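Numbering (UniProt numbering), first residue to last: 1 to 618.
Ideal placement from N, C-alpha and C gives every residue a C-beta, glycine not left out.
Values in this document were obtained by computation on a predicted structure and should not be read as measured data.
A quick write-up on the structure given underneath.
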Amino acid sequence: FEKRSLCRRFEVGTVTNYSPPHRQVYIFENTTAWVEARWGDQVRRTPNHTLHLNKAVKLDPPPTGMPFSKTGGQLRVRVPRPQCHGLEQPPQREARFWRVGDSSWTQVKMLFAGAGMTCVLGVNGTFMVQLRHKPPHWSSYWSDWSSNISVPEEILESPVLSHQLGKLGKDGQRVLRLSWQVQWHPWEPSWVSPTLSSPESPPFSPQPVLKEQRDVTYKLDVRMLACACAELKEEDTVVLGWEVTEHNLTLSGAEHEVLLTAVNAAGPGPAQHLRVPAEQHADLSFKDISVAGGTVTAQWEAPVPGYAFCFEQQALPEPPKQGVCIQQEFPANSTHSLTSTPGSSPGALAAPGCHRLAVHGWDTERGWATFALWHHYASNDSLAVPVNISTGAAAVVLQWKPSPRAACPGALAKYLVCHVAEGDNVTYSEVDAMASNYTLQNLQPGTAYRVGVWEVTEDSDGTCSAWWPFQTKALGPQGAAWRGNLKYLGISLGLPAAAAIYHLSKKRARRLLFPPLPKPVGTKAIQFSAGEMSQGQPRTGLLEPSERFNPAELLLTELNPGEETTDTSTQTAVPHPDVSQPGPALEQPVAAAVSPPGCGEELPFSYRRQDLLSPVGS
Numbered sequence: 001f002e003k004r005s006l007c008r009r010f011e012v013g014t015v016t017n018y019s020p021p022h023r024q025v026y027i028f029e030n031t032t033a034w035v036e037a038r039w040g041d042q043v044r045r046t047p048n049h050t051l052h053l054n055k056a057v058k059l060d061p062p063p064t065g066m067p068f069s070k071t072g073g074q075l076r077v078r079v080p081r082p083q084c085h086g087l088e089q090p091p092q093r094e095a096r097f098w099r100v101g102d103s104s105w106t107q108v109k110m111l112f113a114g115a116g117m118t119c120v121l122g123v124n125g126t127f128m129v130q131l132r133h134k135p136p137h138w139s140s141y142w143s144d145w146s147s148n149i150s151v152p153e154e155i156l157e158s159p160v161l162s163h164q165l166g167k168l169g170k171d172g173q174r175v176l177r178l179s180w181q182v183q184w185h186p187w188e189p190s191w192v193s194p195t196l197s198s199p200e201s202p203p204f205s206p207q208p209v210l211k212e213q214r215d216v217t218y219k220l221d222v223r224m225l226a227c228a229c230a231e232l233k234e235e236d237t238v239v240l241g242w243e244v245t246e247h248n249l250t251l252s253g254a255e256h257e258v259l260l261t262a263v264n265a266a267g268p269g270p271a272q273h274l275r276v277p278a279e280q281h282a283d284l285s286f287k288d289i290s291v292a293g294g295t296v297t298a299q300w301e302a303p304v305p306g307y308a309f310c311f312e313q314q315a316l317p318e319p320p321k322q323g324v325c326i327q328q329e330f331p332a333n334s335t336h337s338l339t340s341t342p343g344s345s346p347g348a349l350a351a352p353g354c355h356r357l358a359v360h361g362w363d364t365e366r367g368w369a370t371f372a373l374w375h376h377y378a379s380n381d382s383l384a385v386p387v388n389i390s391t392g393a394a395a396v397v398l399q400w401k402p403s404p405r406a407a408c409p410g411a412l413a414k415y416l417v418c419h420v421a422e423g424d425n426v427t428y429s430e431v432d433a434m435a436s437n438y439t440l441q442n443l444q445p446g447t448a449y450r451v452g453v454w455e456v457t458e459d460s461d462g463t464c465s466a467w468w469p470f471q472t473k474a475l476g477p478q479g480a481a482w483r484g485n486l487k488y489l490g491i492s493l494g495l496p497a498a499a500a501i502y503h504l505s506k507k508r509a510r511r512l513l514f515p516p517l518p519k520p521v522g523t524k525a526i527q528f529s530a531g532e533m534s535q536g537q538p539r540t541g542l543l544e545p546s547e548r549f550n551p552a553e554l555l556l557t558e559l560n561p562g563e564e565t566t567d568t569s570t571q572t573a574v575p576h577p578d579v580s581q582p583g584p585a586l587e588q589p590v591a592a593a594v595s596p597p598g599c600g601e602e603l604p605f606s607y608r609r610q611d612l613l614s615p616v617g618s
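Have a look at this one:
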């Protein structure tokens, strides 16, 4: 050791490490030390090391289990300050991280950071992080690296939340059914354990990282906006495991805010927000309630026991305001009353608009439940509604703007429409509270009427006065023009119809008066049997012509005696064996009989046209 040109030697023999006596070295000033090795006449000397021994401190590595969070690629670790005597200033820190899939460490130097430090990791992913620190003095040493900090992948997306809200029951509670889906699956990593080529491979296996990836929980935060009573020990946070994807919440009839957040070791992801509206229509009424100016006198019944009340008074549609919490233990089926609202501003209910009044009760087991609910609309406006009238001959359409009372649940019961003609009785009609138009029908044309539309509330007497005058349109020229249009339309449609009827009637009459003649060619409709031929009196057929003829005239063709037949191809008909031949006395100048097939003799024109003669057996 050398200090101010004074050198102190220590013979240590052949050992390779040595701790000099504390009292024989200079520790409060800079001291230079080296090691000499001698053998024979040779001397070897190490490089000099200048130290301030009192400050040359090597701290223990940072402890395990340090809390951390990661947001936007930045890792924030809360490192406790080392308990070291004489360490006036915070230590310096360094971090190194290894990203799953990389082949080496990435080292980052940090400045003085107090109790916490921030490390910029950059891209999202799964990391292993180690820390070390040292005192700020130049002669101090870096500590060993800390144990591994497993930093899982950051949750960047919120779960996709869906819900189904039930109706408020007689018990003053309703069920909110929640279900959600995640777009990411940190418990199903898509990477394979890497093969590290760096000489300094991470001294751990990837399995702890995978285990951290699976540690995902869901946190449900439920807040009743109108009754956040700080003195009550409400359990408004529910923590669920990573395998849970649905949950039911039992809520009162007040407005609620629900936040769903997925959380892992890196920290919470973005929250999914759900606003549950207040119940507007319920069968939970006050036993008695009255409003006089800004003072409210209300009486209600508590069906179940509890430990606190919350009186809610809201001006709709403004954001909800905090109600008044009253800590008071009460039994079941007990009746309670309240005059005015403690802590409320005077005349609050006198302000125009819709006001919501509700009383909720709290119990450690059941939570909040709604005991009574009522809406009040404060206004000095008249109940008469201005209307726009569109007149016709027999009907009139009334239109009006929806009443502001219609937006206040239960404040407007219905509309009452009344109309009257001069000298007649008043006619009343009821219209739904959500309607904005109405049609008066069956009116007399050209008649003067008066009409009125009035709002009917729960505390009004339901009167209606008709004071808006109107007159229906007279038929007059318009009626004549309409009749002319009907006449023209009748002519336009009647002519084609008459033509069609005439055409069909003509066709049917022709078929009845002039039926088509049958064509029995190739049939046996008219044939003469052998018996009929022998008797000379053929039986009348079904298709016998309307003219009556002698049988001989039907079979024979009369020839002109003055005309001489010279055609050698003409043959005389041979009588049928069954037909008796006439005697000489009966012989007449017979012309020719019916020609057999193949003869050139033609039949008379009338028979040839009807095609009635056909040789037997042909």
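By the Cβ test, the segment 328 to 338 is not in contact with the segment 424 to 438, since fewer than three Cβ pairs between them sit closer than 8 angstroms. Within the same chain, and ignoring the five residues on either side of Q328 in sequence, the residues whose Cβ sits closer than 7 angstroms to its Cβ are A308 and F309. Exposure of M434 is indicated by the presence of fewer than 16 other C-beta atoms within 10 angstroms of its C-beta.
Taking a C-beta distance under 8 angstroms as the contact criterion, E312 and V385 do not qualify as a contact pair. Taken atom to atom, the span from the alpha-carbon of T14 to that of T71 is near 55 angstroms. For secondary structure counted as the alpha helix (DSSP H) over 4 or more consecutive residues, the UniProt domain "Fibronectin type-III" (382 to 475) holds no complete run.
Rounded to whole angstroms, the gap between the alpha carbons of G392 and S162 is 51 angstroms. Just measuring C-alpha positions, the residue of V35, A33, Q399 and P136 sitting nearest K58 is P136.
Each of Q107, V238 and G367 was checked against the Cα of C227, and the nearest Cα belongs to G367. In chain order, A394 and A395 place their CB closer than 8 angstroms to the CB of Q441, counting only its own chain and leaving out the 5 sequence neighbours on each side.
Here the C-alpha atom of V77 lies approximately 53 angstroms from the C-alpha atom of Q42. When rounded, the separation of the alpha-carbon atoms in R275 and N248 is 15 angstroms. Counted as a single uninterrupted DSSP element, the beta strand (DSSP E) harbouring G361 occupies residues G353 to D363.
In chain order, A384, C418, C464, S465, A466, W467 and W468 place their CB closer than 7 angstroms to the CB of G452, counting only its own chain and leaving out the 5 sequence neighbours on each side.
Going by DSSP, I27 is part of no beta strand (DSSP E) at all; its letter is neither H nor E. For the pair of segments examined, the segment 253 to 266 was found to touch the segment 168 to 185: the number of CB pairs separated by less than 8 angstroms reaches three. Counted as a single uninterrupted DSSP element, the stretch harbouring H137 is not any beta strand (DSSP E), since DSSP gives it neither H nor E. A straight-line Cα-Cα distance of about 5 angstroms links G306 and D363.
Taking one beta carbon from each stretch, the segment 47 to 63 and the segment 24 to 32 have 3 or more pairs nearer than 8 angstroms; the two touch. Of all alpha-carbon atoms in A262, N17 and H273, the one lying nearest the alpha-carbon of I155 is that of A262. Residue pairing by DSSP places E94 opposite K109 and R132 in a beta bridge. As computed with DSSP, I326 is found in a beta bridge with F309.
In the three-state scheme derived from DSSP, where H, G and I count as helix and E and B as strand, G490 is classed as helix. For F286, there is no enclosing beta strand (DSSP E), as DSSP marks it with neither H nor E.
Under the 10 Å beta carbon count, A95 is surrounded by 16 or more other beta carbons and is classified as buried. By the Cβ-count criterion, G269 is buried, with 16 or more other Cβ atoms from all chains shown falling within 10 Å of its own Cβ. Shortest Cα-Cα distance from D171 to any of R511, A369 and G86 involves A369. When C-alpha distances from P47 are compared across T32, Q89 and P61, the shortest belongs to T32. Bridge partners of E301 according to DSSP: T335.
Q83 counts as exposed, since fewer than 16 other beta carbons sit within 10 angstroms of its beta carbon. E243 and F286 have their C-alpha atoms spaced approximately 44 angstroms apart.
For S505, the secondary structure class from DSSP, reduced to helix, strand or coil, is helix.
Taking the Cα positions, D215 is about 33 angstroms away from P90. For the pair P80 and W145, the CB atoms are not nearer than the 8 angstroms cut-off.
Taking a C-beta distance under 8 angstroms as the contact criterion, L373 and A298 do not qualify as a contact pair. Closest in C-alpha terms to L87, from the list R99, H133, S104 and F127, comes H133.
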